[in-house]
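Residue numbering for the sequence shown follows the working numbering, beginning at 193 and increasing consecutively.
Glycine included, each C-beta is placed from N, C-alpha and C at the ideal position.
Working notes, beginning with the structure itself.
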Amino acid sequence: MKFLNLGEKIRKLRKEKGLTLEELAGDIATKSYISLIENNKSVPRLDVLKHIANMLEVELEYLVKDENTEAKEYCDLKIKELKTNLEYKEYKIVETLITELEKIIEKYDLKLQRGKLLSVKGFYLIKKENLEEALLNLHKGNRIYLEEGYDKEAIIENYHYIGYIYTKQKQFKSALDKYKVCEQMIDSEDILDTELKRKIYFNISICYYELGLYEKSLDYISYVTNIMEDNNNLELGRNIMHKGNTYIKLNQYKKAEKCFKNSLKIAKKAKDSKYEAYIENNLGRVYLTNGDEEKGLYHLNNAYTLKKLYGYSNINTLLEYVMYYINKEDFNKAVKYLKEAEKNNKKDENLYKIYNHYCEVYVNLKENDKAKEYIKKSINILENMERPAELSKAFEKYANILELENKLSESIEYLKLSIKLKDKEKI
């Protein structure tokens, strides 16, 4: 894309209108003066510029814009177009636009537009699951925004996406840091965008939940559900569901049950089978914990059927069955479901849960060596994840097994590790 200077614009428009140099000059200038202007060898007087704009039937503002200004405006327009195509998943168009814009920005050294493009490119790379490159682009984009004193909401949006990437990578402390920066900026700048605030607070709640800080998680998700209470939609249902999950962690099962019942109604109305299966699973867990086996198994079976039917991950439902059969002391069935879970789930975030449950089975069977083997596997995974609450529990579990074997000094060392971690993370 070529952007014209003043002389080039005048020559182009004059030829399009079929005017000679003399005709364009009229009574206000000479033919040679117009020629000098077209060749950028003379800066025209304002009265001459007004006359030329009138003859060429264009706005004076258009004529006097320099190449850089035109390039900036063009890039800003194309970046909006880029965002629209990204929203509609027109990725071929997105890639073409990115290539075109990169060339223009490089040629005219447009710093702010570079920041905008880096940011949108980051959003695109997230959708393509190229998270490391996305992170790099978003950080560079934000650095430019901050240097240029650009719109605070754009900076917050970038931090929000950076937090989202860290969440996807299970780096919950890093994600929380970015979301908290967003929260501080929203408060300090008095930004009234309720939807933006809802997203940030929801993600802060998720991070606190994953880090085992359930009271804090509940504070933030309660705020989110309060500002959404008039919106009986799927997003509200998901927020209520997360609130229910937090109540489970706080052993407040009646409140959790109420949340799940409300969110299940919304899921069924929206015909969202994945969301419905997730809630059915959690309702089953609540009822089984409260000793209502009939209702518990009914909801677990609903979850299992939906997940099988639509090919969703069934790890959580399988582990609920495992706990049910451990409590019934039917360890053969518990192991059967664990094997199914292990076969279908190879990610660390699922494997540590599976190993924890294997440990539970073998503790009950008084096979301590196998129990230790599995809890050790779980610890090894958790030490490379940002889940301090889960790691602390694993240390305690290992300490308890050592105590059963009268290995008290070793047991105390693992208890110390658990306590130290709790103190450090304020769990």
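| Asked | Found |
| --- | --- |
| Going along the chain, which unbroken runs of the beta strand (DSSP E) with 3 or more residues stay wholly within the segment 194-221? | none |
| Using alpha carbons as the reference points, say which of 353, 383 and 202 lies closest to residue 369. | 353 |
| Are the CB atoms of residue 198 and residue 256 nearer to each other than 8 Å? | yes |
| Since residue 271 contacts residue 332 with CB under 8 Å, what's their CB separation in whole angstroms? | Actually they do not touch by this definition, with Cβ atoms about 15 Å apart. |
| Going by beta carbon distance, what residues of the same chain come within less than 8 Å of residue 606, once the five residues before and after it are set aside? | 587, 588, 590, 591 and 594 |
| If distances are taken between C-alpha atoms only, which option among 437, 542 and 495 comes closest to residue 464? | 495 |
| Determine the burial state of residue 640: buried for a count of at least 16 other Cβ atoms within 10 Å of its Cβ, exposed for fewer. | Coverage of the chain is limited to positions 193 through 619, which leaves residue 640 absent and any answer about it impossible. |
| Drop a sphere of 10 angstroms on the beta-carbon of residue 283, count the other beta-carbons inside from all chains shown, and report buried for 16 or more, exposed for fewer. | exposed |
| Quick one: measure Cβ to Cβ for residue 459 and residue 440, integer angstroms, because I've assumed they're closer than 8 Å. | With a Cβ gap of about 18 Å, residue 459 and residue 440 do not count as contacting. |
| Pairs of beta-carbons, one from the segment 368-383 and one from the segment 320-330, closer than 8 Å: are there three or more? | no |
| Of the choices 522, 473, 484 and 520, whose alpha-carbon is the least far from that of residue 149? | Nothing about residue 149 can be read from this structure; the chain reaches only from 193 to 619. |
| What residues in its chain sit with their C-beta under 6 Å from that of residue 626, if we drop five residues either side in the sequence? | In the structure as shown, the chain starts at 193 and stops at 619, and residue 626 therefore has no counterpart that could be examined. |
| Quick check: what's the CA-CA separation for residue 413 versus residue 431? | 7 Å |
| How many angstroms separate the CA atom of residue 537 from the CA atom of residue 509? | 13 Å |
| Under 8 Å, with one C-beta from each stretch per pair, do the segment 434-449 and the segment 398-411 reach the 3-pair mark? | yes |
| Quick check on residue 277: does DSSP put it in helix, strand or coil? | helix |
| Among the residues of its own chain, which have a CB less than 6 Å from the CB of residue 230, if the five just before and after it don't count? | 199, 202 and 203 |
| To the nearest angstrom, report how far apart residue 364 and residue 385 are at their CA atoms. | 25 Å |
| Helix, strand or coil: which one does DSSP assign to residue 406? | helix |
| Between the segment 542-549 and the segment 572-588, can you find at least three pairs of beta-carbon atoms closer than 8 Å? | yes |
| Buried or exposed, going by whether 16 or more other CB atoms sit within 10 Å of the CB of residue 612? | exposed |
| Report the residue from 207, 305 and 336 whose alpha carbon sits nearest the alpha carbon of residue 262. | 305 |
| Tell me which residue opens and which closes the alpha helix (DSSP H) that residue 502 is part of. | 485-502 |
| Helix, strand or coil: which one does DSSP assign to residue 619? | coil |
| From 349, 466, 518 and 540, pick the residue whose C-alpha is nearest to that of residue 552; which is it? | 518 |
| Any idea what DSSP makes of residue 558, helix, strand or coil? | coil |
| Could you tell me if residue 286 is buried or exposed, where buried requires 16 or more neighbouring beta carbons within 10 angstroms of its beta carbon? | buried |
| Could you work out which residue in 379, 561, 281 and 608 is closest to residue 344 when comparing CA atoms only? | 379 |
| For residue 236, does the three-state DSSP call read helix, strand or coil? | coil |
| Please classify residue 449 as buried or exposed, where buried requires at least 16 neighbouring CB atoms within 10 angstroms. | buried |
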